[in-house]
Structures are given as C-alpha cells and as structure tokens.
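Here the structure is laid out as structure tokens; the discussion comes afterwards.
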Amino acid sequence: MRRAAFRLQPVLELRRTEERAAALAAAEAARAAADADRRATEAEAAVAAVLPTGPVSPGAFAAAMVLGRLAAEDAAAARALATASAEQAELVRAAWTSAAQRTKGLERLRERHLQAVRLAEQAAEERTVDDLVTGRSGRRTRPDGEAAWTD
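When you line the sequence shown up against my numbering, it's residues 7 to 157, in that order.
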C-alpha cells in the first residue's frame with residue numbers, strides 16, 4: 007500500500023533551512039554584540055589610564071585632559087555601538103524565534119498527518135482481518151446450510 011505523502015514537505019524543508027540560516031545569523035549577531043561590549047569595556051578602562059596620577063607640568067596636564075576627553079568620547083561611542091549591537095542581536099534572535107515557531111507549526115502538521123496515515127493503515131488492516139474472519143465463518147457452513155459440528 008502506498009503511503010500518502012505530506013504535501014507540505016517542501017515548505018517544511020524550506021522553513022527548516024530558513025530556521026538554520028536565522029540561527030546562524032543570531033549566533034553571528036550575538037558574537038558581534040559581545041565583541042562590541044568587550045571593546046567598549048576596554049575603551050572605558052583606557053580612560054582611567056590616560057589621566058595623570060601624580061604632579062605634572064601645566065602643559066602635560068592640559069595634554070592629559072585633552073587625551074582623557076578624547077578617550078572618554080571614544081569610550082562613549084564604543085558603548086553606544088555596543089548597545090546598538092545588542093539591540094540588533096535581540097532583533098535577529100527574535101527573527102530566529104519566529105522562524106523556529108513557523109517550522110514547529112509545520113512539524114506539528116506533519117506529525118498529525120503521519121498519525122492520520124498510521125490510523126488509516128491500522129483501520130485498513132483491521133478491515134482486512136475482519137474480512138478474513140468473516141470469510142472463514144462463511145466457509146464453515148456446509149452446503150446444505152447446516153452449521154459444522156465444530157462451531
């Protein structure tokens with residue numbers, strides 16, 4: 007007996023491929039966000055390293071303040087980039103979640119289809135067995151209509 011094919015199988019395969027691509031994109035976005043956060047933390051730590059720790063000349067102090075301000079601006083820009091990267095990673099993760107939900111929905115449909123096919127095969131098998139049993143009982147009667155003594 008030929009099994010009924012799941013007609014949405016090509017769509018399910020496409021959805022699985024989309025989900026895998028979304029998962030890879032989410033992993034890449036998460037890695038980029040982590041890298042941006044690490045760079046921002048390093049830039050923030052560099053701000054403290056630029057400030058003078060002991061007595062210095064007025065020119066060195068002014069230069070240190072300018073470098074400190076530039077380092078602080080760089081750290082602020084790096085933190086803004088890290089925040090934007092984290093937000094982007096969250097959006098990509100949400101897209102991955104959406105793709106996974108669409109795939110899961112089709113997988114549930116496929117499971118229902120397979121269960122319906124199994125139930126139909128089981129019902130057909132039971133009908134076949136019933137036909138065999140009723141066929142035997144018809145053969146047990148004698149030609150004159152009298153039941154066999156073994157019944």
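For each residue, glycine too, the CB sits at the ideal point set by N, CA and C. What you are looking at is a predicted structure, and each value in this text was computed from that prediction instead of being measured.
1. Just to confirm my understanding: we take A28, look at its own chain, exclude 5 residues before and 5 after, and list those with CB closer than 6 Å. What are they?
2. Count the other CB atoms within 10 Å of the CB of T109; is the residue buried (16 or more) or exposed (fewer)?
3. Less than 8 Å between the C-beta atoms of G74 and L57, yes or no?
4. Only counting the same chain, and skipping five residues up and downstream in sequence, which positions put a Cβ closer than 6 Å to that of A92?
5. Report yes if the C-beta distance between A52 and A83 is below 8 Å; otherwise report no.
6. Less than 8 Å between the beta carbons of A42 and V98, yes or no?
7. Pull up the distance between the alpha-carbon of A70 and that of R26, whole angstroms please.
8. Between the C-alpha atoms of A10 and A31, what's the straight-line distance to the nearest angstrom?
9. Measure from the alpha carbon of A33 to the alpha carbon of each residue in T59, A90 and Q94, then state which is nearest.
10. Can you list, in chain order, the residues of its chain with a C-beta nearer than 8 Å to that of L112? Leave out the 5 residues immediately preceding and following it.
11. Give the straight-line distance between the Cα atoms of D137 and A129, rounded to the nearest whole angstrom.
Result, derived from the coordinates:
1. Along the sequence shown, one-based indexing puts residue 28 at 22. Only A101, W102 and A105 meet the Cβ criterion.
2. If you number the sequence shown from 1, residue 109 lands on position 103. T109 sits buried, since 16 or more C-beta atoms from the chains shown fall within 10 Å of its C-beta.
3. Against the sequence shown, residue 74 aligns to sequence position 68. Against the sequence shown, residue 57 aligns to sequence position 51. Between G74 and L57, the CB-CB gap stays under 8 Å.
4. For the purposes of this step, residue 92 is identified with residue 86 of the sequence shown, where counting begins at 1. For A92, where only same-chain residues beyond five positions count, the Cβ hits under 6 Å are A39.
5. For the purposes of this step, residue 52 is taken as residue 46 along the sequence shown, with counting starting at 1. For the purposes of this step, residue 83 is taken as residue 77 along the sequence shown, with counting starting at 1. No. Outside cutoff.
6. Start at 1 with the first residue of the sequence shown, and residue 42 comes out as number 36. Start at 1 with the first residue of the sequence shown, and residue 98 comes out as number 92. No.
7. In the sequence shown, residue 70 corresponds to position 64, counting from 1. In the sequence shown, residue 26 corresponds to position 20, counting from 1. C-alpha separation (whole angstroms): 50 Å.
8. The residue you call residue 10 lines up with position 4 of the sequence shown. The residue you call residue 31 lines up with position 25 of the sequence shown. Whole-angstrom Cα-Cα distance: 36 Å.
9. For this step, residue 33 is matched to residue 27 along the sequence shown. Checked all of T59, A90 and Q94; the closest Cα to A33 is Q94.
10. Within the sequence shown, the letter at position 106 stands for residue 112. Excluding residues within five positions, the ones whose Cβ falls inside 8 Å are L14, V17, L18 and R21.
11. Residue numbering aside, residue 137 sits at position 131 when the sequence shown is read from its first letter. Residue numbering aside, residue 129 sits at position 123 when the sequence shown is read from its first letter. Each residue's Cα considered, the two are about 12 Å apart.
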